[in-house]
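See structure below.
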Amino acid sequence: MKTLIEPFKIKMVEAVRQTTEKERGKILKDVHYNIFMVEAEHILIDFLTDSGTGAMSDRQWGAVMIGDESYAGSRSFFKFEKAVRDIMGFKHIIPTHQGRAAERILFSMLAKKGQAIPNNTHFDTTRANVEYNEAEALDFVIPEGQIPEKIHPFKGNMDLAKLAEFLKKNHQKVPIGMTTITNNSGGGQPVSMENIRQTAKLYKKYNIPFFIDACRFAENAYFIKLREKGYGDKSIPEIALEMFSHADGCTMSAKKDGLVNMGGFIALNDDRLAMQARNLLILTEGFPSYGGLSGRDLEALAVGLREVLGEDYLKYRLRTAEYMGEKLIEAGVSIIRPTGGHAVYIDAKHFYPHIPSSQYPGQTLVCELYKKGGIRAVEIGSVMFARKQKGSKQEKPAVMELVRLAFPRRVYTQSHFDYAIEVIIETFKQRKKARGFEIVWEPPFLRHFTAHFKPVSG
Ligand code: F0G
């Protein structure tokens with residue numbers, strides 16, 4: 000059959016509320032056109048993030064009921080530990096409340112002033128944790144990974160020549176190296192097994208520990224199965240185990256491929272580092288057998304980590320983004336190609352050629368999608384990344400003006416997607432009427448979350 004169906008049926012439903020375009024126009028104005036400030040109740044389809052927004056299965060909810068809430072040595076911890084160890088193969092498994100807590104612990108042990116940490120592309124919290132410890136966060140993704148329309152099967156790959164060159168001169172100041180699978184900041188693009196293998200080899204040469212940012216590891220594994228020679232007949236657990244076998248450890252936000260609403264962990268092989276991490280964990284997250292999570296959270300995570308490896312699920316998951324991508328391309332909308340695992344990224348510069356970066360075309364698109372159809376997306380462009388020029392009021396714009404529609408796992412059906420596609424295409428048809436924005440107030444950092452905007456007049 001050609002029709003690919005959602006590989007689940009629905010046992011519990013959550014109502015979504017329709018609002019009118021007029022109501023949404025007023026809501027937007029009231030929150031100074033900042034989509035983060037819109038109450039979720041007023042959103043029809045929420046594509047703000049795929050993080051912690053997924054639906055748990057009946058098995059996960061069943062597991063929640065048998066969570067062991069013992070402070071120390073909880074039964075649920077051992078189930079969770081076994082699941083991570085079976086799937087990833089690491090020796091020490093340390094739970095944290097989410098990904099950035101794992102990053103904070105890792106980098107507070109390893110990153111220091113004057114040091115540099117390479118990655119394909121650091122996610123913003125990863126970068127922030129590196130920089131907070133006064134080390135430099137370097138992005139070495141392949142050049143193809145920075146060109147939206149460029150087709151490449153593994154656009155998340157590390158530029159190995161660049162990394163080799165950098166390590167040759169600077170290996171003494173590199174305390175740890177990382178690779179993010181899939182590469183979220185670059186469009187949810189996968190990294191090939193060969194690239195992981197070669198990256199690991201480079202680090203090994205200089206005895207530098209190599210860690211994987213594993214948030215979307217199952218999606219990455221399925222891309223390897225589909226696209227990399229020699230992996231078509233391998234199972235997802237086999238591919239996942241092989242990916243992690245090249246690394247010394249990983250940080251994980253289980254809010255993505257853990258299929259839970261909250262959770263994370265650090266997994267690693269080094270005994271001394273693990274002991275140090277556990278000591279830091281106790282300071283802020285909790286005892287090492289719960290690390291900021293309830294026993295029931297650990298139960299749900301142990302089940303979710305195994306469910307996410309299901310091929311029916313992964314096939315449907317990757318096809319969702321691809322399906323939306325195909326329809327948008329057909330209608331003339333420019334997106335990052337090929338589509339990645341968890342999201343579709345629209346090129347807002349192409350969508351609104353008449354709106355300059357200084358008037359934030361991505362911000363316009365986010366507002367128009369909400370106004371037209373109640374859809375929430377996120378700007379990843381100059382609102383998020385433009386930098387103030389020293390001694391001038393002008394900003395240096397971001398390289399790309401993107402709008403990300405990230406898909407919660409197992410939450411929306413195909414008709415939700417068809418509706419979203421229709422909204423985007425209608426918005427595209429009316430693009431000439433759209434106006435840019437100016438920022439009328441902003442906080443000192445991370446301005447996209449709270450800044451106030453006003454449509455430019457004219
Ligand atoms: N690493 C990557 C690649 C991520 O995408 C995220 C979160 C984190 C680390 C941090 O994990 O949120 O559990 O602390 N990404 C979310 C997003 C927020 O919307 O892409 P966390």
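Note that numbering that gives the first Met the number 0 has the sequence shown beginning at 0, numbered continuously upward.
A virtual CB, placed ideally from N, CA and C, is assigned to each residue, including glycine.
Of the listed residues the options, nearest to residue i (C-alpha basis)
i: residue 175; options: 196, 137, 150, 152; result: 137
i: residue 432; options: 12, 411, 454; result: 454
i: residue 182; options: 200, 218, 204; result: 218
i: residue 203; options: 173, 224, 43; result: 173
i: residue 321; options: 404, 395, 287, 251; result: 404
i: residue 100; options: 251, 260, 186; result: 251
i: residue 146; options: 104, 335, 162; result: 335
i: residue 65; options: 450, 426, 272, 294; result: 294
i: residue 248; options: 102, 407, 58, 211; result: 211
i: residue 103; options: 124, 93, 116; result: 124
i: residue 191; options: 200, 152, 201; result: 152
i: residue 401; options: 362, 205, 429; result: 362
i: residue 246; options: 360, 440, 266; result: 266
i: residue 216; options: 225, 255, 369; result: 255
i: residue 370; options: 127, 419, 326, 380; result: 419
i: residue 12; options: 426, 423, 409; result: 409
i: residue 343; options: 51, 35, 188, 438; result: 188
i: residue 200; options: 439, 397, 177, 384; result: 177
i: residue 339; options: 184, 31, 30; result: 184
heavy atom of the ligand F0G below 7 Å from residue i C-beta
i: residue 122; result: yes
i: residue 169; result: no
i: residue 252; result: yes
i: residue 183; result: yes
i: residue 57; result: no
i: residue 467; result: Look at the range of the chain in this structure, 0 to 457, and you will see that residue 467 is not part of it.
i: residue 50; result: yes
i: residue 405; result: yes
i: residue 98; result: yes
i: residue 249; result: no
i: residue 179; result: yes
i: residue 283; result: no
i: residue 338; result: no
i: residue 212; result: yes
i: residue 125; result: yes
Residues sharing a beta bridge with residue i, DSSP
i: residue 378; result: 402
i: residue 451; result: 440
i: residue 409; result: Per DSSP, none; premise fails for residue 409.
i: residue 186; result: Answer by DSSP bridge pairing: none, since residue 186 is not bridged.
i: residue 395; result: 386
i: residue 117; result: 137
i: residue 249; result: 211, 266
i: residue 125; result: Beta-bridge pairing links residue 125 to no other residue.
Assumed close pair residue i, residue j - CB separation to whole angstroms, cut-off 8 Å
i: residue 156; j: residue 194; result: 4 Å
i: residue 357; j: residue 394; result: 7 Å
i: residue 44; j: residue 415; result: 6 Å
i: residue 317; j: residue 236; result: At roughly 17 Å, the Cβ-Cβ gap does not stay under 8 Å, so residue 317 and residue 236 are not in contact.
i: residue 97; j: residue 159; result: With 8 Å as the limit, residue 97 and residue 159 do not qualify as a contact, their Cβ atoms being about 31 Å apart.
i: residue 67; j: residue 75; result: 5 Å
i: residue 460; j: residue 448; result: Since the first residue of the chain shown is 0 and the last is 457, residue 460 is not available in this structure.
i: residue 133; j: residue 111; result: 7 Å
i: residue 62; j: residue 288; result: About 17 Å separates the two Cβ atoms, so there is no contact after all.
i: residue 313; j: residue 221; result: 4 Å
i: residue 116; j: residue 170; result: Contact doesn't hold; Cβ gap of about 12 Å is too wide.
i: residue 297; j: residue 79; result: 4 Å
i: residue 48; j: residue 373; result: That belief does not hold up - the Cβ atoms of residue 48 and residue 373 are roughly 17 Å apart, past 8 Å.
i: residue 299; j: residue 59; result: 4 Å
i: residue 301; j: residue 82; result: 4 Å
C-beta neighbour in chain D for residue i, strict 8 Å
i: residue 46; result: Absence of chain D from the displayed structure is noted, only one protein chain being present.
Which residue spans inside the stretch 40-94 form an unbroken alpha helix (DSSP H) run of at least 4? 57-63, 74-87
Within the stretch 289-361, ranges of the alpha helix (DSSP H) (whole runs, at least 4 residues): 294-306, 310-329, 347-350
Give the list of continuous alpha helix (DSSP H) stretches no shorter than 4 residues that lie fully inside the stretch 155-187. 159-169
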